[in-house]
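Q:
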Amino acid sequence: MNEIENYFSNLKLAGKSEATFRTYRKDLNKFVSFFNLQNFEDLMNVTTKQFEGFYEEESNKLSQKSLNGLIRSLSAFFGYLKRTNIIQDHGFFYVLFGTSKFVKESRKKKVVLTVEESLKLIRAARNSQERLMLALMLTTGLRRDEVGKIKLTDIAGCHVKIHGKGDKERVTKLDDTVCHLLSIYLSERDRVTDYLFYSRHGEISKTGQLSGNAVNKRVKEVARLTDIDPKKVEQLTAHRLRGTFISDVAREFGIYAASKAAGHSNLATTQLYLEDGDLVTEDIIEKRSSKFSSLLENN
1 MNEIENYFSN LKLAGKSEAT FRTYRKDLNK FVSFFNLQNF EDLMNVTTKQ FEGFYEEESN
61 KLSQKSLNGL IRSLSAFFGY LKRTNIIQDH GFFYVLFGTS KFVKESRKKK VVLTVEESLK
121 LIRAARNSQE RLMLALMLTT GLRRDEVGKI KLTDIAGCHV KIHGKGDKER VTKLDDTVCH
181 LLSIYLSERD RVTDYLFYSR HGEISKTGQL SGNAVNKRVK EVARLTDIDP KKVEQLTAHR
241 LRGTFISDVA REFGIYAASK AAGHSNLATT QLYLEDGDLV TEDIIEKRSS KFSSLLENN
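Position 103, counted from 1, in the sequence shown is what this note's numbering calls 103; the numbers after and before it change by one each time, with no gaps.
Written out as structure tokens, the structure is:
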């Protein structure tokens with residue numbers, strides 16, 4: 001269908017990540033295959049009852065999270081058709097979902113480290129590279145892939161350029177303690193590479209940087225060296241270090257500050273990281289809490 005191919009061309013121009021692109025393609029292919037859509041007229045002839053059959057079949061096969069992902073993919077496509085005036089509205093989708101696109105998910109309590117547990121994790125690091133990596137994630141909320149993408153040329157004093165999802169870039173300022181850890185690590189580096197963090201055997205991605213899986217593995221290995229609750233350690237990932245940072249900023253300064261610090265373009269994305277009751281204020285505050293850094297310096 002030309003409309004679908006035009007839509008994916010639009011996604012590329014918008015700078016959507018490769019992972020997002022693959023997910024949307026998979027979900028739309030599933031939709032097209034179910035109805036054997038050959039052209040735009042076939043799409044317009046799909047009835048609400050037929051779509052309910054498709055949705056019911058997918059509901060029986062998919063988890064709540066995956067089903068919500070399918071709804072988001074279809075919503076994005078039909079939203080594009082409306083924005084470009086290809087359609088005015090499409091009954092079968094909007095009758096079921098309207099502006100409320102999601103089924104209610106059973107929420108598991110997210111693992112968030114306390115300040116004391118964060119310090120234990122950093123102290124358990126086996127070398128200066130791990131110590132910097134962990135402190136960096138806990139005080140800036142970097143994604144695991146963003147950690148691996150940092151090059152030496154991205155560092156200017158205590159400022160680091162971050163290469164985020166969808167080719168978006170942002171600059172984050174390191175606090176004095178983490179900047180000091182960076183200086184120590186740079187003085188001890190013993191390998192020639194363009195990237196800030198270099199790898200052990202088998203950890204390099206296709207692009208030559210430390211892979212996201214390698215970053216995650218480091219977090220898990222160091223966490224097992226601490227006396228943090230084993231159940232918590234088992235669920236701890238690099239992503240939950242990011243979640244810890246986002247939750248801390250949201251509690252102290254509000255969701256807007258947390259969203260900006262995390263590099264999110266949508267507040268709804270930030271909210272996914274938070275437990276009910278996390279939000280205290282919605283003031284936009286530039287400064288960040290110095291409590292964590294003060295404790296790190298004093299221990």
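Cβ atoms here follow ideal geometry from the backbone N, Cα and C, with glycine treated the same way.
Computed from a predicted model, the values in this text were never measured in an experiment.
#1: Taking C-alpha atoms, which residue in Leu11, Tyr198, Glu58, Leu181 lies nearest to Gly212?
#2: Would you list the residues sitting across from His163 in a DSSP beta bridge?
#3: Roughly how many angstroms separate the alpha carbons of Thr270 and Ala262, rounded to a whole number?
#4: Which term fits Leu152, buried or exposed, when burial requires 16 or more other beta carbons within 10 angstroms of its beta carbon?
#5: From Ser75 to Ile246, what distance separates their C-alpha atoms?
#6: Hey, out of Glu252, Asn29, Gly148, whose CA is closest to Phe54's CA?
#7: Taking just the CA atoms, how far does Ala156 sit from Asn6?
#8: Comparing alpha-carbon positions, which option in Leu272, Asp154, Leu136 lies nearest Val215?
#9: Indicate whether His159 and Lys168 have their beta-carbon atoms separated by less than 7 angstroms.
#10: Quick one: any contact between the segment 120-140 and the segment 175-190, if contact means 3 or more CB pairs under 8 angstroms?
#11: Taking C-alpha atoms, which residue in Gly15, Leu70, Thr48 lies nearest to Glu58?
#12: Anyone know if the C-beta pair for Thr244 and Leu113 falls short of 7 angstroms?
#13: Taking the straight line between their C-alpha atoms, what separation do you get for Leu37 and His264?
#14: If you count every other CB in all the chains shown that lies within 10 Å of the CB of Glu117, and 16 or more means buried, which is it?
#15: Rounded to a whole number of angstroms, what is the C-alpha to C-alpha distance between Phe31 and Tyr273?
#16: Report the rounded CA-to-CA distance for Asp227 versus Leu119, giving the unit in angstroms.
#17: Would you identify the three-state DSSP class for Tyr198, choosing helix, strand or coil?
#18: Go to Ile71, then tell me how far its alpha helix (DSSP H) extends in each direction, as first and last residue.
#19: Buried or exposed, going by whether 16 or more other CB atoms sit within 10 Å of the CB of Arg224?
#20: Assuming Ser247 is part of the alpha helix (DSSP H), what are its boundary residues?
#21: Going by beta-carbon coordinates alone, are Gly166 and Glu146 separated by less than 7 angstroms?
#22: Using a 10 Å radius around the Cβ and a threshold of 16 neighbouring Cβ atoms, would you call Asp27 buried or exposed?
#23: Any idea what DSSP makes of Ala135, helix, strand or coil?
#24: Check this for me: beta carbons of Phe21 and Leu13, under 7 angstroms apart or not?
#25: According to DSSP, which residues form a beta bridge with Lys151?
#26: Ignore the nearest five residues each way along the sequence and tell me which others in Gly15's own chain have a CB closer than 6 angstroms to its CB.
#27: Using three-state DSSP, classify Ala14 as helix, strand or coil.
A: So, from the data block:
#1: Residue Tyr198 is the option with its Cα nearest to Gly212.
#2: Paired residues: Glu169.
#3: Distance between the alpha carbons of Thr270 and Ala262: 8 angstroms.
#4: Classification of Leu152: exposed, given that the 10 Å Cβ count is below 16.
#5: A straight line joining the alpha-carbon of Ser75 with that of Ile246 spans about 27 angstroms.
#6: Of the candidates Glu252, Asn29, Gly148, the one whose C-alpha sits nearest the C-alpha of Phe54 is Asn29.
#7: Cα-Cα distance, rounded: 40 angstroms.
#8: Per the Cα distances, Leu136.
#9: One thing to note: His159 has its Cβ no nearer than 7 angstroms to the Cβ of Lys168.
#10: Enough Cβ pairs lie closer than 8 angstroms, so yes.
#11: Ranking the options by Cα distance to Glu58, first place goes to Leu70.
#12: Contact flag set, yes.
#13: Computed Cα separation, rounded: 35 angstroms.
#14: So Glu117 counts as buried.
#15: Each residue's alpha carbon lies about 29 angstroms from the other.
#16: Between the C-alpha atoms of Asp227 and Leu119 there is a straight-line separation of about 12 angstroms.
#17: Assignment of Tyr198 by DSSP, reduced to helix, strand and coil, places it in the coil class.
#18: Here the alpha helix (DSSP H) through Ile71 covers 64-83.
#19: Burial call: exposed.
#20: Counted as a single uninterrupted DSSP element, the alpha helix (DSSP H) harbouring Ser247 occupies residues 238-253.
#21: No, these two residues do not count as a Cβ contact at 7 angstroms.
#22: Looking at its Cβ environment, which holds 16 or more other Cβ atoms inside 10 Å, Asp27 is buried.
#23: It is helical.
#24: With contacts defined as CB atoms closer than 7 angstroms, Phe21 and Leu13 fail to qualify as a contacting pair.
#25: DSSP output for Lys151 lists Tyr195 as bridge partner(s).
#26: Excluding sequence neighbours, Gly15 sits near Gly166, Asp167.
#27: Assigned with DSSP and collapsed to three states, Ala14 falls in coil, not helix or strand.
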